[in-house]
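**Q**
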Amino acid sequence: MPSAGIVPRRAVQLAALFAMMVAFTAQLLGALLPVIPLFIAASVVNLGLDLVLQHKQPGLLAVLGRIRFDVTVRQLLRDMLILVGLLHIDGINPLEEQAPLTITLLLFYGTHFVCQAVAVLVRRTRSLPFVTRNIDASALRLSDAPPRILSRQTGRRLLRFSVPTTTGMMLTAITTDAYWGGIGLAVSLALSAGGTLYLGTWLLPKKRVATEKQALEWLDNWLTEYQPTVGMYFSGGSSSAYQANMWLSTLADLDGNPIIVLRERFMVQKIEATDVPIVCIPKVANLMRLEHSTLKVLLHPANSGKTSQILRIPSIKHAFTNHGESDKLSSCNPYAKAYDEVWVAGPAARDRYQLADIGVEDKDVIEVGRPQLAPIQPYTGAPAGRLTTVLYAPTWEGWDGNPGNTSVILAGENIVRELLADENVRLLYKPHPMTGSVDPRAGAANNRIQAMITEANTRRSGARPGPEAAAELARRTDELNALTTSAFRKSADELERMRLQGTPEEGRAAAVAAAVTAWEEAYWNSFPEWEHRIITTARPGIFSCFNQADVLISDVSSVVSDYLTSEKPYAVANTSGMTEDDFRVNFPTVRAATILTPEAGEVAGLLDAVRNPEKDTLAAERAELKEHLLGPSDPPSSVRFNQAALALCTKADERRIRMENRLSGIPGQRSQEDVDASETAGKQTDGAPDAPAAV
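With positions in the sequence shown counted from 1, the corresponding number in the numbering used here is that position plus 218.
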């Protein structure tokens, strides 16, 4: 069933379309009868309604365009009805007065179509074969974009420039003096012609950017000068940017010259604040230019349809890092065997790949830990104050309809009800942002859970932070936005943003990290410690919530694996229908967890163990499982990750040398693996009779 908010919105849209049809009908009747008041009112309302809908409901008007009733047709029909109406009004001479008006109106439409053609030419000249960020691209002769009303908003331009015409014609209908219509048409014609000439200046050499050939030559030269070594490749939809953003700090800390390679133009602005150079190359033919660069390794945080295109470059080694690890089947995708190596956190993921038997060889699985987990604070014992902070962070329902994916539908309300019944619990509820996107039941349950938490807060009271806390949060928010948000004009296009987002200031990344830390501290200080919180925004991040929590309740997901780095108690909801023993066997990440049934009757015991560590029987198992999932703490994950990147770079270098020697006719140098294999074979044949020579 459609949600309550959709029905009224659709009703408003249908009402708007009906009102437009009524306005056209009234304008026609007023013109033919003629009924001057009706004619004038309908003409003004008709144009005004279209102007409003252009701003408020552009999608609705797009539907009219699909039935060949677009903005140009609608406005032309309105103007034709106005001319018909003037013909039926006594006192207006059709030959001496209306003919010049008609000719001028035709000239106005002529300039409109010329402006539209010029806009197409300008847009084509302002489209480079790539988009950059954090790179000085001034050599491409980047300039500011023309006003959107001229270059991109064809419908709005026609409607706005038609306002003087309609106003003048209505005055003519009232006064029967064609002078006013001529004035209105002259103003519209001047606006259209002047706008066309102004837009045409972007085709002049002074404002014309580099050609495609020049731009690609510049890209080759920049790659030669920058000499990238390790990069991150990412392609995906607008909601998937978080998968790349979680690797930004890790990529920036690697030895060498990092780079980010994107495929979708819109994704350039979805990547969070970073100092790493970003290059978006949409076309495969242009992407292949990376083969001739110094780029040796590309890291892949996600699989996508366009991943196979970059895998065609043999000179680059590819490592799949994923964007999180869990016991779900999606963490063992058969596509992983397309990469040179698969980088995982610890032994658990290695075992997972071998058990899955999807063709990934064990020698290609490299344990690197999870460098992003460094900000998570370790366990320090029982809660220090009266309140126990519980983080309930369920995952979403997934694509396959498995009831065990999320606890929200079957167990969420029971879990929250049990937690809210304990007056010494402070609940932080952070659902997955995609909750309800596939299964409406999950969205409905999520809404009910939030309503329960909101109602529970009305039954609580206590001291609140003073106004200085809110002021501090506002100040920190402004500081963070100034560092992480790029302010652009509404008319700014890709080239203008490229110019404004050139080489970043030195130390910006460190400043952003400090600003985020300060903002998170101000955020938590701005709320009373007894108040339950519903967190559906990107900030505060999940790691910040980890640090506030004394215990986590979640589902089988990467959230559990990441939380284990703190060694704090945690619980996992079992809504799969399996017995607890089978659940623990099938999902190793829950081995050290308290298992909650859908009824959530185990919540009280979980809270008791958190408040009384002597009753916590899973502490030692959490420490053991942490190392099994995430690998050893020494050397640190950041060091192991960097070592893996350098080792894969070395393999890329070895292949390049072998290929160069092969092409030059020199016998290829054997790699260390080949040497070791030969020595092993020699040892195995020691003492054995010589093999017969080939005849």
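The beta-carbon is built from N, C-alpha and C at its ideal position, and this holds for glycine as well.
Go ahead and pull the three-state DSSP assignment for Lys869.
**A** For the purposes of this step, residue 869 is identified with residue 651 of the sequence shown, where counting begins at 1. Helix, per DSSP.
**Q** Could you tell me if Trp203 is buried or exposed, where buried requires 16 or more neighbouring beta carbons within 10 angstroms of its beta carbon?
**A** This structure cannot settle anything about residue 203, because the visible part of the chain is limited to 219 through 913.
**Q** Among residues of its own chain, excluding the 5 on either side of Leu278, which ones have a beta-carbon nearer than 8 Å to its beta-carbon?
**A** For the purposes of this step, residue 278 is taken as residue 60 along the sequence shown, with counting starting at 1. Hits under 8 Å: Gln231, Ala234, Leu235, Leu271.
**Q** Looking only at its own chain, which residues have a Cβ that is under 8 Å from the Cβ of Leu176, when we skip the five neighbours before and after it?
**A** Only positions 219 to 913 of the chain appear in this structure, which leaves residue 176 out of reach.
**Q** Could you tell me which uninterrupted alpha helix (DSSP H) segments, each at least 4 residues in length, are contained entirely in the region 560-585, listed from first to last along the chain?
**A** 565-574
**Q** Is it true that the CB of Thr807 sits closer than 8 Å to the CB of Pro621?
**A** For the purposes of this step, residue 621 is taken as the residue at position 403 of the sequence shown. For the purposes of this step, residue 807 is taken as the residue at position 589 of the sequence shown. Cβ distance not < 8 Å, so Pro621 and Thr807 don't count as in contact.
**Q** So for Ala791, helix, strand or coil by DSSP?
**A** Numbered from its first residue, the sequence shown carries residue 791 at position 573. Three-state DSSP puts Ala791 in a strand.
**Q** Would Gly454 and Pro476 be called neighbours here (beta carbons separated by less than 8 Å)?
**A** The sequence position of residue 454 within the sequence shown is 236, counting from 1. The sequence position of residue 476 within the sequence shown is 258, counting from 1. No, the pair does not count as a contact, with Cβ atoms beyond the cut-off.
**Q** Throw me the rounded Cβ distance for the Val560 and Val583 pair, which I believe falls under 8 Å.
**A** Along the sequence shown, one-based indexing puts residue 560 at 342. Along the sequence shown, one-based indexing puts residue 583 at 365. Between Val583 and Val560 the Cβ distance is about 5 Å, and since that is below 8 Å, they are a contact.
**Q** What are the start and end residues of the alpha helix (DSSP H) that includes Leu713?
**A** As a position in the sequence shown, residue 713 is number 495, starting the count at 1. Run containing Leu713: 712-718, per the alpha helix (DSSP H) assignment.
**Q** Exposed or buried, Pro612, counting other C-beta atoms within 10 Å across all chains shown (16 or more means buried)?
**A** If you number the sequence shown from 1, residue 612 lands on position 394. It counts as buried.
**Q** Using a Cβ-Cβ cutoff of less than 7 Å, which residues in the same chain neighbour Ala391 once the five nearest sequence positions on both sides are dropped?
**A** For the purposes of this step, residue 391 is taken as residue 173 along the sequence shown, with counting starting at 1. Excluding residues within five positions, the ones whose Cβ falls inside 7 Å are Ile254, Phe257, Ile258, Gly303, Leu304, Ile307.
**Q** Rounded to the nearest angstrom, how far is the Cβ of Thr350 from that of Val502, given a contact under 8 Å?
**A** Here residue 350 is taken as the residue at index 132 of the sequence shown, counted from 1. Here residue 502 is taken as the residue at index 284 of the sequence shown, counted from 1. Between Val502 and Thr350 the Cβ distance is about 18 Å, and since that is not below 8 Å, they are no contact.
**Q** Mapping the DSSP letters down to three states, classify Phe379 as helix, strand or coil.
**A** In the sequence shown, the residue the question calls residue 379 occupies position 161. Helix.
**Q** Would you report the Cα separation of Ala687 and Asn743, rounded to the nearest angstrom?
**A** Within the sequence shown, residue 687 is the residue found at index 469, counting from 1. Within the sequence shown, residue 743 is the residue found at index 525, counting from 1. Roughly 7 Å separates the two Cα atoms.
**Q** Using only the alpha-carbon positions, how far apart do Asp780 and Arg228 sit?
**A** The residue you call residue 780 lines up with position 562 of the sequence shown. The residue you call residue 228 lines up with position 10 of the sequence shown. Whole-angstrom Cα-Cα distance: 43 Å.
**Q** Say whether the region 790-805 touches the region 623-631, bearing in mind that this needs 3 or more beta-carbon pairs closer than 8 Å, one atom from each stretch.
**A** yes
**Q** So, helix, strand or coil for Ile752, using DSSP?
**A** One-based indexing of the sequence shown puts residue 752 at position 534. Reduced to three states, the DSSP call for Ile752 is strand.
**Q** Which residue wins for smallest C-alpha separation from His750, given the options Ala363, Ile353, Leu646, Glu785?
**A** Along the sequence shown, one-based indexing puts residue 750 at 532. Comparing Cα-Cα distances from His750 to each of Ala363, Ile353, Leu646, Glu785, the minimum goes to Leu646.
**Q** Please state the DSSP three-state secondary structure of Phe624.
**A** Position 406 of the sequence shown, counting from 1, holds the residue named residue 624. The amino acid occupying residue 624 in the given sequence is Thr; Phe does not appear at that position. DSSP, reduced to helix, strand and coil, places Thr624 outside both helices and strands of the structure shown, so it counts as coil.
**Q** Helix, strand or coil: which one does DSSP assign to Thr442?
**A** Counting from one through the sequence shown, the residue named residue 442 turns up at place 224. Thr442 falls in the helix class under three-state DSSP.
**Q** Which residue wins for smallest C-alpha separation from Glu714, given the options Ala244, Val562, Arg366, Ala237?
**A** Start at 1 with the first residue of the sequence shown, and residue 714 comes out as number 496. Among Ala244, Val562, Arg366, Ala237, the Cα nearest to that of Glu714 is on Arg366.
**Q** Which of helix, strand or coil does DSSP assign to Ser772?
**A** Counting from one through the sequence shown, the residue named residue 772 turns up at place 554. Looking at Ser772 - three-state DSSP - the assignment turns out to be strand.
**Q** Ignore the nearest five residues each way along the sequence and tell me which others in Glu509's own chain have a CB closer than 7 Å to its CB.
**A** If you number the sequence shown from 1, residue 509 lands on position 291. Within the same chain, Glu509 has close Cβ partners Ile531, Ser533.
**Q** How would you write the range of the alpha helix (DSSP H) that Met298 sits in, first residue to last?
**A** Within the sequence shown, numbered from 1, the residue matching residue 298 stands at position 80. For Met298, the uninterrupted alpha helix (DSSP H) segment begins and ends at 289-305.
**Q** Tell me which same chain residues have a C-beta within less than 6 Å of the C-beta of Val769, skipping the five on either side of it?
**A** Position 551 of the sequence shown, counted from the start, is the residue given in the question as residue 769. Closer than 6 Å at Cβ, skipping near neighbours: Val608, Pro787, Val828.
**Q** Does the distance from the C-beta atom of Pro552 to that of Ile576 stay below 8 Å?
**A** Taking the first residue of the sequence shown as 1, we reach residue 552 at position 334. Taking the first residue of the sequence shown as 1, we reach residue 576 at position 358. In this structure, Ile576 lies closer than 8 Å to Pro552 by Cβ.
**Q** Going by C-alpha distance, which of Ser772, Arg635, Gln668 is nearest Ser544?
**A** Counting from 1 along the sequence shown, the entry for residue 544 is found at position 326. Among Ser772, Arg635, Gln668, the Cα nearest to that of Ser544 is on Ser772.
**Q** Within this structure, are the beta carbons of Thr783 and Leu591 separated by less than 8 Å?
**A** Numbered from 1 along the sequence shown, position 565 holds the residue referred to as residue 783. Numbered from 1 along the sequence shown, position 373 holds the residue referred to as residue 591. For Thr783 and Leu591, yes; Cβs fall inside 8 Å.
**Q** Where does Ala611 fall in DSSP's three states?
**A** Counting from one through the sequence shown, the residue named residue 611 turns up at place 393. Strand, per DSSP.
**Q** With 16 other CB atoms within 10 Å as the buried threshold, where does Tyr397 fall?
**A** What you label residue 397 is simply residue 179 of the sequence shown in a count that begins at 1. So Tyr397 counts as exposed.
**Q** Among the residues of its own chain, which have a CB less than 7 Å from the CB of Gly886, if the five just before and after it don't count?
**A** Within the sequence shown, numbered from 1, the residue matching residue 886 stands at position 668. Its pLDDT being 47, under 50, Gly886 is placed unreliably by the model, and nothing is read from it.
**Q** Which partner residues of Thr812 appear in the DSSP bridge assignment?
**A** Mapped onto the sequence shown, residue 812 falls at position 594. Bridge partners of Thr812: Ala789.
**Q** Residues in the same chain with beta-carbon distance under 7 Å from Val340, minus the five sequence neighbours each way, listed in chain order, please.
**A** For the purposes of this step, residue 340 is taken as residue 122 along the sequence shown, with counting starting at 1. Correct list, in chain order: Pro364, Ser369, Leu417, Trp420, Leu421.
**Q** To the nearest whole angstrom, what separates the beta carbons of Leu529 and Ala556, a pair I think is in contact under 8 Å?
**A** By one-based count along the sequence shown, residue 529 stands at place 311. By one-based count along the sequence shown, residue 556 stands at place 338. The pair is a contact, with the Cβ atoms about 6 Å apart (cut-off 8 Å).
**Q** Using alpha carbons as the reference points, say which of Ile671, Leu265, Pro423 lies closest to Ile752.
**A** Mapped onto the sequence shown, residue 752 falls at position 534. Of the candidates Ile671, Leu265, Pro423, the one whose C-alpha sits nearest the C-alpha of Ile752 is Ile671.
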